[in-house]
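Last residue of the sequence shown: number 391 in the working numbering, and the count goes up by one each step with no gaps.
In this text, a Cβ means the ideal position worked out from N, Cα and C, and glycines have one as well.
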Amino acid sequence: MSHMLCIGYGRFPPQSLTDMWLTMLSMISGATCYALFLGHATNLIQSLDSSRRQYREKVKQVEEYMAYRKLPREMRQRITEYFEHRYQGKFFDEELILGELSEKLREDVINYNCRSLVASVPFFANADSNFVSDVVTKLRYEVFQPGDIIIKEGTIGSKMYFIQEGIVDIVMANGEVATSLSDGSYFGEICLLTNARRVASVRAETYCNLFSLSVDHFNAVLDQYPLMRRTMESVAAERLNKIGKNPNLVAHREEDLGSESKTINAVVNALAEQAAHASASEESVHSMELRTLPCLLPRPKSENNFASQELSREGRRIFHKSDTFHKDSYQ
Numbered sequence: 061m062s063h064m065l066c067i068g069y070g071r072f073p074p075q076s077l078t079d080m081w082l083t084m085l086s087m088i089s090g091a092t093c094y095a096l097f098l099g100h101a102t103n104l105i106q107s108l109d110s111s112r113r114q115y116r117e118k119v120k121q122v123e124e125y126m127a128y129r130k131l132p133r134e135m136r137q138r139i140t141e142y143f144e145h146r147y148q149g150k151f152f153d154e155e156l157i158l159g160e161l162s163e164k165l166r167e168d169v170i171n172y173n174c175r176s177l178v179a180s181v182p183f184f185a186n187a188d189s190n191f192v193s194d195v196v197t198k199l200r201y202e203v204f205q206p207g208d209i210i211i212k213e214g215t216i217g218s219k220m221y222f223i224q225e226g227i228v229d230i231v232m233a234n235g236e237v238a239t240s241l242s243d244g245s246y247f248g249e250i251c252l253l254t255n256a257r258r259v260a261s262v263r264a265e266t267y268c269n270l271f272s273l274s275v276d277h278f279n280a281v282l283d284q285y286p287l288m289r290r291t292m293e294s295v296a297a298e299r300l301n302k303i304g305k306n307p308n309l310v311a312h313r314e315e316d317l318g319s320e321s322k323t324i325n326a327v328v329n330a331l332a333e334q335a336a337h338a339s340a341s342e343e344s345v346h347s348m349e350l351r352t353l354p355c356l357l358p359r360p361k362s363e364n365n366f367a368s369q370e371l372s373r374e375g376r377r378i379f380h381k382s383d384t385f386h387k388d389s390y391q
């Protein structure tokens, strides 16, 4: 036992060949058990914080890449700070994890993760819950550092952004800051609505946690919710007017939507009138059938004598004997 526990070596040396073999066997067994114990303990400790271990491995890989490419010190510092701010010391392959979930469960997880965004963005807080759910499931998380140009004026836009945390500046061509946006705001929707180029640049003033929505997902969602499209177009027109740009493109788009809406309403009203006329015709035919039905039915018979009354030429009522009915005629 002392040999298996790696203690007491040399206190009882083997006296014979048999003792020597037994001693060697006990030493090998003890060393094997000791190594297995240490291995399991190490794996257990590493599994307790696998995300932090993966983050350290990721940072080590990035450092080796920067050294291989011989990047300048300032750029290395920016890359290191970016990873520290984005991952907060833990690394997850979120797309892989969510991709393995069912569609309903994945939607619930994304809605929960974006609950702070939905609560801070008034556009989402006042919107239809189905619209919000369709949008947040298509958002992509992005991080920008202070001084980063998120949107450059004159480029073709492919995304719009929602600010979860941070401050951005809307910068004109002359370098003047037109306005600033903070938590709960969104920007970049103008070119997606008008199919025009970016009308201003957007620069990150602080570290910004944003959620981006691509143009394909943007159009796919808003095509299902035309009222939300009109809301965004009205906000876009106000922003264009505020920064001194021409809002005619958005206005024309609103007029087109208004004319389309009028056309749709006219078609619906015409169909409703046709349905009303058809219903009235059916009711008229039905009432006419009800009026003519008693003439087709036999006259009632009873024990008392009844006769059909007709007016004579002199204006007096006369009775016909043939019109008299008896109860026996039913039998």
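Exercise. In angstroms, rounded to a whole number, what distance separates the CA positions of Q284 and F191?
Worked result: Taking the straight line from one Cα to the other gives about 9 angstroms.
Exercise. In terms of residues, what are the limits of the alpha helix (DSSP H) holding V195?
Worked result: Per DSSP, the continuous alpha helix (DSSP H) segment holding V195 begins and ends at 189-196.
For this session: Check whether the region 226-244 touches the region 195-202, taking contact to mean three or more Cβ pairs, one atom from each stretch, closer than 8 angstroms.
Result: In short, these stretches do not touch, since the Cβ pair count stays below three.
Problem set entry | Backbone CA spacing between T254 and I209 [nearest angstrom] | Roughly 22 angstroms between the two C-alpha positions.
Problem set entry | Where Y285 sits in the DSSP three-state scheme | Coil.
For this session: For L356, count neighbouring C-beta atoms within 10 Å of its own C-beta (all shown protein chains included) and say buried if the count is 16 or more, exposed if not.
Result: Confidence at L356 is low in this model, with a pLDDT of 46, below 50, so the placement of that residue is unreliable and no value is reported for it.
Problem set entry | Proximity winner among Q137, T215, P73, relative to A260 (alpha-carbon distances) | Selection Q137, T215, P73 evaluated against A260 yields T215 as nearest (Cα-Cα).
For this session: Pull up the distance between the alpha-carbon of S76 and that of I88, whole angstroms please.
Result: Answer to the nearest angstrom: the Cα atoms are 19 angstroms apart.
Exercise. Which residue comes first and which comes last in the beta strand (DSSP E) that contains E265?
Worked result: Per DSSP, E265 belongs to no beta strand (DSSP E) and is neither H nor E.
Problem set entry | Three-state class that DSSP yields for E202 in the structure shown | Strand.
Exercise. Taking buried to mean at least 16 other C-beta atoms within 10 Å of its own C-beta, is Q106 buried or exposed?
Worked result: In this structure Q106 is exposed. Its beta-carbon is surrounded by fewer than 16 other beta-carbon atoms within 10 angstroms.
For this session: Could you name the residues of the same chain whose beta carbon sits closer than 7 angstroms to that of H145, not counting the 5 residues immediately before and after it, in chain order?
Result: The beta carbon of H145 sits closer than 7 angstroms to those of V203, Y267, all from its chain and outside the five residues before and after it, given in chain order.
Exercise. Sorted by chain position, which residues of the same chain lie with C-beta nearer than 8 angstroms to G226's C-beta, five sequence neighbours on each side aside?
Worked result: Closer than 8 angstroms at Cβ, skipping near neighbours: F204, S242, D243, A264, E265, T266, Y267, C268, N269, L270.
For this session: To the nearest angstrom, report how far apart A179 and A185 are at their CA atoms.
Result: Those two C-alpha atoms are separated by around 6 angstroms.
For this session: Helix, strand or coil for Q121, going by three-state DSSP, please let me know.
Result: Of the three classes helix, strand and coil, the one that applies to Q121 here is helix, per DSSP.
Exercise. In this structure, does DSSP put D316 in helix, strand or coil?
Worked result: With a pLDDT of 46 at D316, under the threshold of 50, the modelled position of this residue cannot be trusted; read the value that follows with caution. Residue state, collapsed to three classes: helix.
For this session: Please classify E363: is it buried, with 16 or more other beta-carbons within 10 angstroms of its beta-carbon, or exposed?
Result: At E363 the pLDDT is 42, less than 50, meaning the model places this residue with poor confidence; the figure from the coordinates comes in the next sentence. Answer is exposed; the Cβ neighbour count stays below 16.
Problem set entry | Cα-Cα separation, T140 to K118 | Distance between the alpha carbons of T140 and K118: 11 angstroms.
Problem set entry | Contacts around R289, its chain only, beta-carbon distance under 6 angstroms, and the 5 residues preceding and following it disregarded | Sequence-distant Cβ neighbours of R289 in its own chain, meaning closer than 6 angstroms and more than five residues away, are L282.
Exercise. Taking the alpha-carbon positions, what's the G149 to E123 distance?
Worked result: So the two alpha carbons sit approximately 15 angstroms from each other.
Problem set entry | Length-filtered (4 minimum) alpha helix (DSSP H) runs lying within the region 81-144 | Segments of the alpha helix (DSSP H) lying fully in the region 81-144: 110-129.
For this session: Look at G217 and R257 and say whether their C-beta atoms are less than 9 angstroms apart.
Result: Yes, they are a contact pair.
Exercise. Out of curiosity, what's the CA-to-CA distance linking Y125 and G159?
Worked result: Looking at the two C-alpha atoms, the distance is approximately 28 angstroms.
For this session: Count the other CB atoms, across all protein chains shown, that sit within 10 Å of the CB of H312; report buried if there are 16 or more and exposed otherwise.
Result: Note that H312 has pLDDT 48, beneath the 50 cutoff, so the model's placement of it is unreliable and the number below is only indicative. Exposed is the call here.
Problem set entry | As assigned by DSSP and simplified to three states, the class of I223 | Note: I223 maps to strand in three-state DSSP.
Exercise. Quick one: what's got a C-beta closer than 7 angstroms to V396's C-beta in the same chain, skipping five residues either side?
Worked result: Not covered by the structure: residue 396. The range shown for the chain is 61 to 391.
Exercise. Are E249 and V231 closer than 9 angstroms when you measure CB to CB?
Worked result: For E249 and V231, no; Cβs fall outside 9 angstroms.
Exercise. Is DSSP giving L273 helix, strand or coil here?
Worked result: Residue state for L273 is assigned as strand, using DSSP reduced to three classes.
Exercise. Roughly how many angstroms lie between the CA atoms of Q137 and M292, to the nearest whole one?
Worked result: Between the alpha carbons of Q137 and M292 lies a distance of about 39 angstroms.
Exercise. With a Cβ-Cβ cutoff of 9 angstroms, do F143 and R112 count as a contact?
Worked result: No. Outside cutoff.
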